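Participant:
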Amino acid sequence: MSNAANPDTRAITELYGRFLASPEGLDPEWRRFFGDLDDEAAALLRGLNGGAPDATTVAAGVAGDVRRATLDSIRALMLIRAYRVRGHLEANLDPLGLKPIEPHPELDPRTYGFGEADMERPIFINNVLGLETATLRQIMQAVRETYCGTIGVEYMHIQDPAQKAWIQERIEAIHNQTQFTVEGKRAILERLTTAEAFEQFLNKKYTGTKRFGLDGGETMIPALEQILKRGGQLGLKEVVVGMPHRGRLNVLANFMGKPYTAIFSEFQGGAAHPEDVGGSGDVKYHLGTSSDREFDGNTVHLSLTANPSHLEAVNPVVVGKVRAKQAQRGDTDRTQVMALLMHGDAAFAGQGLVPETLDLSELKGYRIGGTIHFVVNNQIGFTTNPVNSRSGPYCSDVAKIIQAPIFHVNGDDPEAVVHVARIATEFRQTFRKDVVIDMFCYRRFGHNEGDEPAFTQPLMYKAIAKHPTARKIYANRLVAEGTLTEAEAETLVTQRQEMLEADFEAAKAYKPNKADWLEGAWSGLDRVRGYDARRGKTDVPLETLKRVGAALAKVPEGFNLNRKIARQLEAKHEMIETGEGIDWATGEALAYGTLLTEGHPVRLSGQDCNRGTFSQRHASLIDQLDETRYVPLNHIEKGQAEIEIIDSPLSELAVLGFEYGFSLAEPRALVLWEAQFGDFVNGAQVIIDQFIAGGESKWLRMSGLVMLLPHGYEGQGPEHSSARPERFLQLCGEDNIQVANCTTPANYFHALRRQLHREFRKPLIVMTPKSLLRHKRCVSKLEMFGPDSTFHRVMYCDELPSDPKEAKQVVLCTGKVYYDLLEEREKRGVTDVHFLRLEQLYPFPADALAAELKPYRHCDLIWCQEEPRNMGAWSFVNSFIEEIAEEAGCEKPRPRYAGRPSAASPATGLHARHVREQAALIDDALTLGKTALKRIAARKVALEEKTQGKPHGRTGDKSEAKPVGRVKGKSKTAAE
Ligand SMILES: Cc1ncc(C[n+]2csc(CCOP(=O)(O)OP(=O)(O)O)c2C)c(N)n1
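Sequential numbering of the sequence shown, starting at 21, is according to our numbering.
(1) Would you kindly check if the distance between the Cβ of L676 and the Cβ of I642 is under 8 angstroms?
(2) Could you check if N335 belongs to the surroundings of ligand 1, using beta carbon to heavy atom distance under 7 angstroms?
(3) Scan the stretch 417-496 and note each continuous alpha helix (DSSP H) run of 4 residues or more that stays entirely inside, going in chain order.
(4) Among L212, K950, Y167, which residue has its Cα nearest to the Cα of R190?
(5) I need the residues with a C-beta less than 5 angstroms from some heavy atom of ligand 1; please give them in chain order.
(6) Measuring CA to CA, which of D417, Q253, E508, D559 is closest to P807?
(7) Go through its chain and collect everything with a Cβ distance to D840's Cβ below 6 angstroms, but skip five positions before and after it.
(8) Look up H321 in the DSSP assignment and say whether it is helix, strand or coil.
(9) Along the chain, where does the alpha helix (DSSP H) containing H770 start, and where does it finish?
(10) Based on Cα-Cα distance, which residue from N196, E472, T505, Y462 lies nearest to P488?
(11) For the alpha helix (DSSP H) containing D312, name the first residue and the last one.
(12) For I656, which residues from the same chain have a beta carbon less than 8 angstroms from its beta carbon, with the 5 sequence-adjacent residues on both sides left out?
(13) Any C-beta of chain D sitting closer than 8 angstroms to the C-beta of R497?
(14) Which residue marks the beginning of the beta strand (DSSP E) containing L360, and which one marks its end?
(15) Can you have a look at K825 and say buried or exposed, based on whether 16 or more other CB atoms are within 10 angstroms of its CB?
(16) Pull up the distance between the alpha-carbon of N274 and that of R250, whole angstroms please.
(17) Taking just the CA atoms, how far does A940 sit from A958?
(18) Who are the Cβ neighbours of F315 in its own chain at under 7 angstroms, not counting the five residues just before and after it?
(19) How about L749 and L861: are their beta carbons less than 8 angstroms apart?
(20) Does the Cβ of K782 have 16 or more other Cβ atoms within 10 Å, making it buried, or fewer, making it exposed?
(21) From L149, M176, Q197, T155, pick the residue whose C-alpha is nearest to that of R106; which is it?
(22) Kindly indicate which three-state DSSP category A369 falls into: helix, strand or coil?
(23) Starting from W693, trace the beta strand (DSSP E) in both directions and tell me its first and last residue.
(24) How about the stretch 673-691 and the stretch 756-764: do they share at least three Cβ pairs that are nearer than 8 angstroms?
(25) Give the DSSP bridge partners of M727, in chain order.
(26) What residue range is occupied by the uninterrupted alpha helix (DSSP H) comprising V887?
(27) Who are the near neighbours of Q696 in its chain, counting only those whose CB is closer than 8 angstroms to its CB and skipping five residues on each side?
(28) Flag this pair as touching only if the stretch 437-457 and the stretch 263-272 have three or more C-beta atom pairs under 8 angstroms; answer yes or no.
(29) If I'm right that E886 touches G929 with Cβ under 8 angstroms, what's the distance once you round it to whole angstroms?
(30) Using DSSP with H/G/I as helix, E/B as strand and the rest coil, what is S285?
(31) Looking at the secondary structure, which residues open and close the beta strand (DSSP E) in which H854 lies?
(32) List the DSSP bridge partners of P142.
(33) Using only the heavy atoms of ligand 3, determine whether one of them is closer than 7 angstroms to the beta carbon of V786.
(34) Under the assumption that P669 contacts D379 (Cβ atoms under 8 angstroms), give the Cβ distance between them as a whole number of angstroms.
(35) Does DSSP classify T391 as helix, strand or coil?
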């Protein structure tokens, strides 16, 4: 709209007339401009002309007063609209006022042809801004109060007319200001004083100790209070809070109600939990807590989620927790439980998890009815200025991807901050949608209390040193307007200080008396004790299995099933009826279905997981004529629990975080996340390292989350082969997680059911198959799911050798390679090599393996894997195997390695090479002793010659295995 800066008013009227008559003929920018004006302009014209807007009247311009009035009204509306869109650019947001506010031409009345002379002329604006008819001066005052005061509102990007209109009405009629009562103002000052006194007290008592103080952003505390108060009035019963380091102690003390004595005790080196609880603990500014707060008779339960240092990583976890809690409460309209997330400005703009989590907000499988985001925008990130932190003007711009309204507000105006907190809460409760409060403030000290900020921001810190605190500014304002006396304001401060002193003394004797875990939804559960088989009772009566199986193969009358799916269902039916050949997907469905009949909800989310990446699951059946969905597992029997299978957005980090959060709040549901291919799991690494692996130890929070990671070397190249089991195994310690690689549908079934059939919860990471999904040998009989069946951590081969004495070599392995070994052994007629499968890699099944090895003490031991030597389980298992073999009395306890040589990339992209490598590693595993070593050495030489001395292929093995002969044997079937 290049000519909008200096418009000819007549031309605008004509343009508008043309727009009404035939908008297509207009330049698109003008079309959009008038289009946005349309409703109000039409109403206004109706008001002026006493009837419908008439294109010809406007275009031709009736003579005299009406024409001029019309023109004024339209121009005034254009001006008002410009303020709605861009007023925030001239708002007084920065308490430090470091940068001059640049006037924006679209906010200048001259841009619309108004001059000084027009200031006092009445203009009809038809109740816009609560004004029927107003002078330009009055209009300017109203728009500047509403849009350029200490609040800048961004909402014109919202496409939903109802949401946009709601905000407009909510702020324009009152010129975006709440008239607080004397009581309200005192309450705000009291909260501010509490926040400030706390930080100052800590600063005095623990000078230089890291606390990531809220100093400069204290106004957040009265704002949070308002969110709870207004939320409680609007039906809120529970808030799950997530926040970073900044101001966390203040929030714990002055919002969550954690006793000062407990916090001081932690500063004095005391533990957060009683000592006998165990765990590694965490620094105080990462800890969570929960409490009940009461306002006007409404009790709101608060829980602050523990989080790692990784900024924003807690976001999806909080959101997932809220979803679970909503389900527990039956909060179907999602107004009882809410997420409240606090952010730093640099982190909100910079971390990719922020948009990933925002993206979940409106999706059926993940929505929670909106999060309130509160950004403590202290205009700095550690030592980095905003200009180096983001490309957009605001740190909050990312929230526009979900069209959230954004309220920028000056943190030195506590009434404005509390006012927007109230509006944001109302908006969330009304539209059940995310909303952002971006509170501009400053950081009074360095990034932490030991830092010198003047090294990097000398000018900013000169300004801060001279700047009075928000409490002081507000107290002065209230004194000036006569709300309270200076002495009263000071009394508030001294009262707080005395209280803090008393608690400081009391803290010396403070001892935490209990750890807040295994409460609420977790009561009845216990922590794990001992390293036994931990099977749980996972077997299921045959009739239940058949009932579930029958439901799996049934569709409603008249359902138009895809022909290929129909054949699959017939096959399923056959499996259940005959009790033979139950495949992986059916085994999995039986696990879900039987849990559902026992009342355990199941929730599986991941990319395309309804169908399954390998077209194996088909959990939802799609009618071929109208695309309606039918989920057989939800139609087993009356009173069963429900399964939710959700095709996730293309995110690993946010979705895994969400499911982990869900599992924290709901121990009685089976919660699973599935990777498209296991390779992609590293996109979620922060959730794995910081939450799943360490959460229980750091924060005493258990999780029964299951991660399904398709894994296996099938010639699909570097990115579709490995779920990087080595990464998970490296994380294993202190009994934190379980890592499994099951080889039979029945064992997988028991592993899943076991998650809910023990008194504790542990995350389970399963390397799941790809080709085995359809492998004729990878099937189980129904009886393996039935009475007295169980999970096996170690499984031995059910055929050869018939007598352990006849064996010469034991090949240990995990996962799919077992079937490759089996087939090759068969093909070669080898009868003296015994196989042992580790179905669970961690906790390492030491007792079971020792028992299995005992009869084979005379044998050579081999570890066979498909992954390169520096990957897979080898580095993890080899010392375990050796120790156990030694203890079991094995003659040659050191296992020999049979697998791919170390490599930079997990797998080759060349299929022929994959086949060659795979054949070689199987050959290595099946070949005995010296012969094997000779062959390996020969291959190494050949390769080196080929690559002109560059060690590019296999590098051989240094095992000291001895040659052994071969024997014949018969079959045997049992496991562990
Ligand atoms: C993911 C991640 N990267 C880096 C850091 C190190 N770090 C801690 S605080 C901080 C600055 C954060 O700035 P901002 O988000 O504006 O919050 P503020 O500290 O200013 O309140 C950084 C870079 C971190 N904690 N997390």
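Just so it is clear, CB atoms sit at the ideal spot from N, CA and C, and this is done for glycine as well.
This one's a predicted model, so the numbers in the text were calculated from it and none came from an experiment.
Facilitator: Taking the structure as given:
(1) The residue labelled residue 642 in the question sits at position 622 within the sequence shown. The residue labelled residue 676 in the question sits at position 656 within the sequence shown. Contact: no.
(2) Here the question's residue 335 lines up with position 315 in the sequence shown. No, since every heavy atom of ligand 1 falls outside the 7 angstroms radius drawn around the Cβ of N335.
(3) 434-451, 478-486
(4) Here the question's residue 190 lines up with position 170 in the sequence shown. Looking at the Cα atoms, Y167 is the closest of the given residues.
(5) R266, S329, H330, L331, G364, D365, A366, A367, N398, G401, F402
(6) Within the sequence shown, the letter at position 787 stands for residue 807. That would be D559, whose Cα lies nearest to the Cα of P807.
(7) In the sequence shown, counting from the first residue as 1, residue 840 sits at position 820. Within the same chain, D840 has close Cβ partners I942.
(8) Residue numbering aside, residue 321 sits at position 301 when the sequence shown is read from its first letter. Note: H321 maps to strand in three-state DSSP.
(9) Mapped onto the sequence shown, residue 770 falls at position 750. Looking at the DSSP string, the run of the alpha helix (DSSP H) that includes H770 is 765-774.
(10) Here residue 488 refers to the residue found at position 468 of the sequence shown. Among N196, E472, T505, Y462, the Cα nearest to that of P488 is on Y462.
(11) The residue given as residue 312 occupies position 292 in the sequence shown. Here D312 belongs to no alpha helix (DSSP H); instead the beta strand (DSSP E) covers 309-315.
(12) Taking the sequence shown and counting its residues from 1, one reaches residue 656 at position 636. Correct list, in chain order: R567, V568, A571, G613, L616, T617.
(13) The structure shown has no chain D; it contains just one protein chain.
(14) Here residue 360 corresponds to residue number 340 of the sequence shown, with the count starting at 1. According to the DSSP assignment, L360 belongs to the beta strand (DSSP E) that extends over 357-364.
(15) Looking up residue 825 in the sequence shown gives position 805. Per the 10 Å Cβ criterion, exposed.
(16) Along the sequence shown, read from residue 1 onward, the residue named residue 274 stands at position 254. Along the sequence shown, read from residue 1 onward, the residue named residue 250 stands at position 230. Each residue's alpha carbon lies about 18 angstroms from the other.
(17) Residue 958 sits at position 938 when you count from the first residue of the sequence shown. Residue 940 sits at position 920 when you count from the first residue of the sequence shown. Straight across, the Cα-Cα distance linking A958 with A940 is about 12 angstroms.
(18) Taking the first residue of the sequence shown as position 1, residue 315 is located at position 295. These residues qualify, in order along the chain: L248, K249, G252.
(19) Reading the sequence shown from its first residue, position 729 is the one you call residue 749. Reading the sequence shown from its first residue, position 841 is the one you call residue 861. Yes, Cβ-Cβ distance for L749 and L861 is below 8 angstroms.
(20) What you label residue 782 is simply residue 762 of the sequence shown in a count that begins at 1. Buried.
(21) Position 86 of the sequence shown, counting from 1, holds the residue named residue 106. Cα-wise, what sits closest to R106 is M176.
(22) Taking the sequence shown and counting its residues from 1, one reaches residue 369 at position 349. Judged by DSSP in its simplified three-state form, A369 adopts helix.
(23) Reading the sequence shown from its first residue, position 673 is the one you call residue 693. Residues 690-694.
(24) no
(25) Position 707 of the sequence shown, counted from the first residue, corresponds to residue 727. Note: M727 sits in a beta bridge opposite W693, I785.
(26) The sequence position of residue 887 within the sequence shown is 867, counting from 1. Contrary to the premise, residue 887 reads as Glu rather than Val in this sequence. First-last for E887: 880-888, but that is the beta strand (DSSP E), not the alpha helix (DSSP H).
(27) Stepping through the sequence shown from its first residue, residue 696 is reached at position 676. Excluding five sequence positions before and after Q696, the CB atoms of its chain that fall closer than 8 angstroms to its own CB belong to G626, Q627, D628, T633, P730, given in chain order.
(28) These segments do not touch.
(29) Locating residue 886 in the sequence shown gives position 866, counting from the first residue. Locating residue 929 in the sequence shown gives position 909, counting from the first residue. Not confirmed; about 16 angstroms, so no contact.
(30) Here residue 285 refers to the residue found at position 265 of the sequence shown. Reduced to three states, the DSSP call for S285 is helix.
(31) The residue labelled residue 854 in the question sits at position 834 within the sequence shown. Segment 853-858, the beta strand (DSSP E) holding H854.
(32) The residue labelled residue 142 in the question sits at position 122 within the sequence shown. Answer is T155, bridged to P142.
(33) Questions concerning ligand 3 fall outside what the structure shown contains, since the ligands it does hold are ligand 1.
(34) In the sequence shown, the residue the question calls residue 669 occupies position 649. In the sequence shown, the residue the question calls residue 379 occupies position 359. That pair is a contact at about 6 angstroms.
(35) Locating residue 391 in the sequence shown gives position 371, where the first residue counts as 1. T391 falls in the strand class under three-state DSSP.
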